[in-house]
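*Asks:*
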Amino acid sequence: MTMNFNGVTIIFNVADIERTRKFYGEFLGIEFERYEDEDAGAFLMTKIGKEVDLMVFKGDPKPGNTPNVVFGLADGGIDTVIARLAAAGVEIVTPVSHAPDGWFADFRDPDGQIVSFYQSAEVPRALT
Numbered sequence: 001m002t003m004n005f006n007g008v009t010i011i012f013n014v015a016d017i018e019r020t021r022k023f024y025g026e027f028l029g030i031e032f033e034r035y036e037d038e039d040a041g042a043f044l045m046t047k048i049g050k051e052v053d054l055m056v057f058k059g060d061p062k063p064g065n066t067p068n069v070v071f072g073l074a075d076g077g078i079d080t081v082i083a084r085l086a087a088a089g090v091e092i093v094t095p096v097s098h099a100p101d102g103w104f105a106d107f108r109d110p111d112g113q114i115v116s117f118y119q120s121a122e123v124p125r126a127l128t
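Just so we're aligned: 121 in full-length UniProt numbering is position 121 of the sequence shown, and the numbers increase by one with no gaps anywhere.
#1: Among Arg108, Ile114, Gly59 and Ala126, which residue has its Cα nearest to the Cα of Thr80?
#2: Over the uninterrupted alpha helix (DSSP H) stretch that includes Leu85, give me the two end residues.
#3: Is Pro61 near Val14, with beta carbons less than 8 Å apart?
#4: If you drop the 5 nearest sequence neighbours on each side, which residues of the same chain put their C-beta closer than 6 Å to that of Gly25?
#5: So what does DSSP say about Arg108, is it helix, strand or coil?
Right under this line is the structure:
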């Protein structure tokens with residue numbers, strides 16, 4: 001199975017998103033847009049280059065909980081991909097769940113790192 005990725009998102013969990021917005025803007029010149037989602041609450045987002053999105057959510061900033069690397073599934077199929085990983089014995093940390101405007105799931109790679117997939121709600125969750 002070949003997957004078509006549409007970029008990578010790096011997610012930081014922080015104690016205070018407004019403090020983070022100010023820090024990155026003032027010291028690194030990175031400007032974030034603020035969004036509200038009924039499930040995720042307030043979060044910040046910006047694009048770094050052409051292929052990397054940087055998102056900031058309020059959450060536990062403890063090392064090991066952040067940052068998160070998220071691969072975007074351009075063609076969808078998140079249910080199919082996660083089922084294939086689970087069948088191969090890969091630990092699924094978070095089953096396919098709702099995310100802002102789509103779906104996500106987390107799994108552990110061979111070194112125990114948590115890696116995520118995200119797909120838009122506009123593409124199919126299963127591939128044939």
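Every residue gets a Cβ at the ideal spot worked out from N, C-alpha and C, and that includes glycine. Keep in mind that this is a model prediction, so the values were computed, not measured.
*Replies:* Short version:
#1: As a first step, residue 80 is located in the sequence shown; it is residue number 80 there, counting from the start. Out of Arg108, Ile114, Gly59 and Ala126, Ala126 has the C-alpha closest to the C-alpha of Thr80.
#2: Here residue 85 refers to the residue found at position 85 when the sequence shown is read from its first residue. Note, Leu85: alpha helix (DSSP H), Ile78 to Ala87.
#3: Residue numbering aside, residue 61 sits at position 61 when the sequence shown is read from its first letter. Residue numbering aside, residue 14 sits at position 14 when the sequence shown is read from its first letter. The answer is yes: Cβ separation under 8 Å.
#4: Locating residue 25 in the sequence shown gives position 25, where the first residue counts as 1. So the qualifying residues of the chain are Glu31.
#5: Numbered from 1 along the sequence shown, position 108 holds the residue referred to as residue 108. DSSP places Arg108 in strand when its eight states are reduced to three.
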